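If you want the working numbering, it's the position in the sequence shown, counting the first as 1, plus 9. Each residue gets a CB set at the ideal place from its N, CA and C atoms; glycine is no exception. Source: prediction; values computed, not measured.
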Amino acid sequence: SSSRLPLTLIVATTPSLGIGKNGGLPWPMLKKEMAYFARVTKRVPTSSSITASSSPSSSSGGSSPNICNAVIMGRKTWDSIPPRFRPLKDRLNVVISRSPDASIAGVAEAAAKGNSVVTASSLSAALAKLEALLLINGEPLAGLGRVFVIGGAALYKAALETPNARTVLLTRIARDWDCDTFFPVDVEGPGWTRKSNDELSAFVGEEVPQGSVRELEVEFEFRLFEREG
Ligand code: FOL
């Protein structure tokens with residue numbers, strides 16, 4: 010155990026920390042919220058605290074070739090992504106499953122299309138694989154940007170039990186929806202600090218709207234939390 014890769018969790022929750030219902034999201038598809046998820050998980054930070062050794066940043070905002078972020082997800086979350094959207098493009102997809110690769114729907118198809126999906130049997134095994142990908146002959150290889158944990162509940166819990174989980178990008182849905190799956194930690198409580206909208210914008214690399222956003226009569230707010238200590 011003991012990858013030192015920093016992990017960023019990204020999640021949308023109700024006030025009661027609900028995240029899912031019947032294998033999907035509890036609320037209707039929120040295009041702006043999902044677009045934020047896609048942009049944020051795709052964007053590779055230019056010069057900040059990633060593991061890659063820094064080359065001078067081209068400062069254009071254009072993505073560097075051969076560098077992408079990773080998204081780690083549990084097998085049920087993989088199943089919940091519409092087949093046309095998986096693997097999530099422009100990101101290294103890592104699926105955690107105790108079963109063999111071949112039994113994960115869509116993985117073989119993705120491979121046949123030339124999209125690589127990495128599988129691992131646990132979060133720690135996934136992090137070990139990512140670190141191995143990062144090193145060639147012991148030299149850091151600037152190939153991996155941020156590592157996001159994108160759910161579901163069991164994987165968020167496993168991530169939060171490691172010290173690697175430093176950051177939570179949480180979209181707070183304003184009202185409750187009927188949920189059967191819940192985020193395992195209340196980051197509004199002890200051990201976590203809410204950061205300002207400016208800090209959120211700097212972290213994600215775009216200007217994030219401050220306060221409530223409304224879509225399909227659903228109100229939500231983009232928030233950033235960091236672990237203390
Ligand atoms: N975090 C946040 N903030 N919102 C979410 O909806 C969310 N969902 C998951 C994890 N973290 C989240 C897991 N569920 C797709 C579908 C379900 C899903 C995650 C991603 C998906 O299809 N994503 C596409 C965008 C498709 C589109 O543009 O409509 C992607 O490219 O990311």
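- In terms of CA proximity to Arg84, Gly160 leads the group Phe192, Gly160, Ser210, Met38.
- The continuous stretches of alpha helix (DSSP H) do not include Arg223, which lies in the beta strand (DSSP E) extending over residues 222-224.
- Residue pairing by DSSP puts Cys77 in a beta bridge opposite Leu153.
- With a cutoff of 8 Å on beta-carbon distance, Leu153 and Ala79 are scored as near each other.
- Classified as exposed, Thr202 has fewer than 16 neighbouring CB atoms from the shown chains inside 10 Å of its CB.
- Remark: the shortest separation between the CB of Val222 and any heavy atom of ligand 1 does not fall under 7 Å.
- Straight-line spacing of the CA atoms in Glu237 and Asn206 works out to 18 Å.
- Three or more beta-carbon pairs separated by less than 8 Å link the region 186-205 to the region 12-30, which places the two stretches in contact.
- Counting along the chain, Leu39 sits inside no alpha helix (DSSP H), nor does DSSP assign it H or E at all.
- With a threshold of 7 Å, the Cβ atom of Ile19 counts as near ligand 1, since some heavy atom of the ligand is closer than that.
- Judged by DSSP secondary structure, Trp87 falls within the alpha helix (DSSP H) whose first and last residues are 84-89.
- In this structure, Ile105 lies away from Leu178, with their beta-carbon atoms at least 8 Å apart.
- Under a 10 Å Cβ-count criterion, Arg100 is classified as buried, with 16 or more other Cβ atoms of the shown protein chains found around its own Cβ.
- The DSSP assignment places complete alpha helix (DSSP H) segments of no fewer than 4 residues inside the region 95-145 at 116-121, 132-143, in order along the chain.
- Take the alpha-carbon of Ala120 and the one of Pro96: they are about 10 Å apart.
- The beta carbon of Ala44 sits closer than 7 Å to at least one heavy atom of ligand 1.
- Distances from the CB of Leu14 to the heavy atoms of ligand 1 are all 7 Å or more.
- Take Leu209, set aside five residues on each side of it, and the residues of its chain with a beta-carbon closer than 6 Å to its own are Val217, Leu233, in chain order.
- Within the model, the alpha-carbon separation for Ser108 versus Ser131 is close to 11 Å.
- Set against 7 Å, the gap from the CB of Gly123 to the closest heavy atom of ligand 1 is not smaller.
- Taking C-beta atoms as the reference points, Leu39 and Leu225 count as a pair closer than 8 Å.
- Between Leu136 and Leu14, the C-beta gap is smaller than 8 Å, which places the two residues in contact.
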